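Chemist: Take any residue in the sequence shown, count from 1 to its spot, add 58: that is its number in my numbering. We put the CB at the ideal spot given by N, CA and C, even for glycine. Note that this is a predicted model, so its numbers are computed, not measured.
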Amino acid sequence: MWNGKHKVSLLTLGVIVSSIGLIQTLTHPLDLRASNDGESEAEDLMNQSRLIEFDDTMNLTNNNEDSVYGQVSSSNNNTYVVWQESVPGNIDRNYEIFFKKSSDDGNSFGERIQVSDNIGFSEHPQMASENSNVYVVWADDTNINKQIYFKKSNNGGNSFGEQTLLSDSNSNAFNQEISSFGDNVYVVWLEKIPYGPYRIMLASSNDGADTFHKPIILSENAVAQTFPKISSFDGHVYVAWNIEDQPNTRSGVYFISSTDNSMTFGNISKLNIAEKDFGEPQIASSGNQIYVIWGGSDTNKLSSISFIKSDDNGRTFSDLRKINETEHGRLNEPSNVEIIADQNDSVFIAWQDRIDTSDKDEIFFASSTDHGETFNGVTNLSNNAGISECPSIIAVEDTVFATWEDFTPGNHEVFFSRGTIL
């Protein structure tokens, strides 16, 4: 049950994004400074802009196990959460994939369902949903190598079918992500072939994941710390990823797109200018808009969040803009940045960051109502005594759903909160 509600007044973030070659007139002054690499930073805050009412946090797992990497999705008035959780096994700690469903707009959740059931380590679930279909993908090392497995529910998450192996059984495959639009389902992952390079792979389905096409190679320039991300909208498929320390490729965030449901892809482009200014990206799309955002990563700590957008399906991108200060103070080491977009001009972002000089991370949230031209100010969504990590967000009409893992109870639990845009 919900413990209550708290209203969050949002102050506008010091960020504005302009298209290439377009000069904008600002009704609220911002201190835009050009950095040495030609990118721009915005630091000042503007006045109060929006109000979002977040319900108090719900502990979805609430047990003594280690519950981590929660992901949220929503369709047909249902809200879904998937996560990995430790279970008794034949090793010190084994993990399986679990799932819960809400049929009342996130007010309550039913009993958990175990999605995976393997002797190996099942980890990092990702999820997408369309109408009554729910798609879950994860990595599993039951057969020694890590492999990408997939399951589908066609009854709104009440039950799941048989698991499908998507990756090459002779390769190590991990860092998977999933996107869906209509009957089209796309899964992307990182793969290491024996005695060969790391490469980014994509498998697609055009029949609601009843069958998948043979996986294709998007890039063979990748490293073990590459995280491919994917978004799709009405036949367009967009993939972004990070690269570092490659002899033949400059470190940075890269992008590729398809206009024909992933049958063919265009050329790869680099989105950032500064060699060291990159991290694990996330990507979202709606209509003609594409949004790419990143903070730091485990191997490349940053003190700001970078944001870039396209208004023409990825043919051109705006100048890179940075979020480096909010009403909570300057950002320290933002990471695990998430972004989503809806068809009502709104963009929502979430991330984790340390509070001051402590080791305690919180989950932060901000939103835009103008295709990411400006962002409304930040709220501390977790705001508790424990370490809060790995947010996931989804928006449906005037409601935002958020999950994250939290150590406040003394072990990792999956927390959930619902926000109503007033």
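What's the gap between the Cα of residue 94 and the Cα of residue 348?
Modeler: Per-residue confidence for residue 94 stands at a pLDDT of 36, beneath the threshold of 50, marking its modelled position as unreliable; the derived number appears in the next sentence. Each residue's alpha carbon lies about 26 Å from the other.
Chemist: Give the straight-line distance between the Cα atoms of residue 485 and residue 158, rounded to the nearest whole angstrom.
Modeler: Because the chain spans 59 through 480 in this model, residue 485 falls outside it and cannot be assessed.
Chemist: Report buried or exposed for residue 106, applying the criterion of at least 16 other Cβ atoms within 10 angstroms of its Cβ.
Modeler: Caution applies to residue 106, whose pLDDT of 41 falls short of 50 and renders its modelled position unreliable; the model cannot decide the point.
Chemist: Can you give me the Cβ contacts of residue 370 inside the same chain, cut-off strictly under 7 Å, excluding the 5 residues immediately before and after it?
Modeler: Answer for residue 370: 346, listed in chain order.
Chemist: Could you give the first and the last residue of the continuous beta strand (DSSP E) run that contains residue 231?
Modeler: Its beta strand (DSSP E) spans residues 230 to 239.
Chemist: So what does DSSP say about residue 308, is it helix, strand or coil?
Modeler: Coil.
Chemist: State buried or exposed for residue 187, treating a residue as buried only when at least 16 other CB atoms are found within 10 Å of its CB.
Modeler: Answer is buried; the Cβ neighbour count reaches 16.
Chemist: Which residue comes first and which comes last in the beta strand (DSSP E) that contains residue 170?
Modeler: Element bounds for residue 170: n/a, residue is neither H nor E.
Chemist: Return the CA-CA distance between residue 231 and residue 317, expressed in angstroms with no decimal places.
Modeler: Spanning the two alpha carbons is a distance of roughly 26 Å.
Chemist: Apart from the five residues just before and just after residue 270, which ones in its own chain have a Cβ nearer than 6 Å to its Cβ?
Modeler: Hits under 6 Å: 261, 263.
Chemist: Under the rule that 16 or more other beta-carbon atoms within 10 Å means buried, what is residue 224, buried or exposed?
Modeler: Buried, by the Cβ-count rule.
Chemist: Going by C-alpha distance, which of 445, 439, 406, 399 is nearest residue 417?
Modeler: Ranking 445, 439, 406, 399 by Cα distance to residue 417 puts 445 first.
Chemist: Please state the DSSP three-state secondary structure of residue 294.
Modeler: Strand at residue 294.
Chemist: What's the gap between the Cα of residue 471 and the Cα of residue 142?
Modeler: Rounded to whole angstroms, residue 471 to residue 142 spans 10 Å at the Cα level.
Chemist: Using CA coordinates, which residue listed in 146, 196, 466, 449 is at the minimum distance from residue 340?
Modeler: Ranking the options by Cα distance to residue 340, first place goes to 449.
Chemist: Run the CB neighbour count on residue 63, radius 10 Å, all protein chains shown included, and call it buried at 16 or more, exposed below.
Modeler: Reliability fails at residue 63, whose pLDDT of 48 lies under 50, so the model's placement of it is uncertain and the value that follows must be treated cautiously. Residue 63 is exposed by the Cβ-count criterion.
Chemist: Residue 273 by DSSP, collapsed to three states: which one?
Modeler: Note: residue 273 maps to coil in three-state DSSP.
Chemist: Suppose the cutoff is 6 Å on Cβ atoms and the five residues either side in sequence are ignored; what does the same chain contact list for residue 23 look like?
Modeler: Look at the range of the chain in this structure, 59 to 480, and you will see that residue 23 is not part of it.
Chemist: In terms of DSSP beta bridges, what is residue 253 paired with?
Modeler: For residue 253, which the question treats as bridged, DSSP gives no partner whatsoever.
Chemist: Just reading off the beta strand (DSSP E) that residue 182 is part of, what are its end residues?
Modeler: Where residue 182 is concerned, the enclosing beta strand (DSSP E) stretches over 180 to 188.
Chemist: Counting pairs of Cβ atoms below 8 Å between the region 268 to 288 and the region 237 to 251, do you hit three or more?
Modeler: Short answer: they touch.
Chemist: Where does residue 121 land, buried or exposed, given buried means 16+ other C-beta within 10 angstroms?
Modeler: Under this definition residue 121 is an exposed residue.
Chemist: Is the CB-CB distance between residue 378 and residue 330 below 8 Å?
Modeler: The answer is yes: Cβ separation under 8 Å.
Chemist: In three-state DSSP terms, what is residue 321?
Modeler: Residue 321 falls in the coil class under three-state DSSP.
Chemist: When the Cα atoms are used, what is the spatial distance from residue 131 to residue 293?
Modeler: Spanning the two alpha carbons is a distance of roughly 20 Å.
Chemist: Have a look at residue 309 and residue 389 and give me their C-alpha separation to the nearest angstrom.
Modeler: One C-alpha to the other measures close to 23 Å.
Chemist: Distance, Cα to Cα, residue 226 vs residue 252?
Modeler: Looking at the two C-alpha atoms, the distance is approximately 11 Å.
Chemist: Can you tell which of 194, 233, 198, 237 has the C-alpha that lies nearest to the C-alpha of residue 218?
Modeler: Taking only the C-alpha atoms, the option nearest residue 218 is 194.
Chemist: Name, in chain order, the residues that DSSP records as bridge partners for residue 143.
Modeler: Bridge partners of residue 143: 125, 154.
Chemist: What do you get for residue 273, buried or exposed, if any count of 16 or more other CB atoms within 10 angstroms of its CB means buried?
Modeler: Looking at its Cβ environment, which holds 16 or more other Cβ atoms inside 10 Å, residue 273 is buried.
Chemist: Could you work out which residue in 381, 385, 399 is closest to residue 392 when comparing CA atoms only?
Modeler: Taking only the C-alpha atoms, the option nearest residue 392 is 381.
Chemist: By DSSP, does residue 449 sit in helix, in strand, or in coil?
Modeler: Strand at residue 449.
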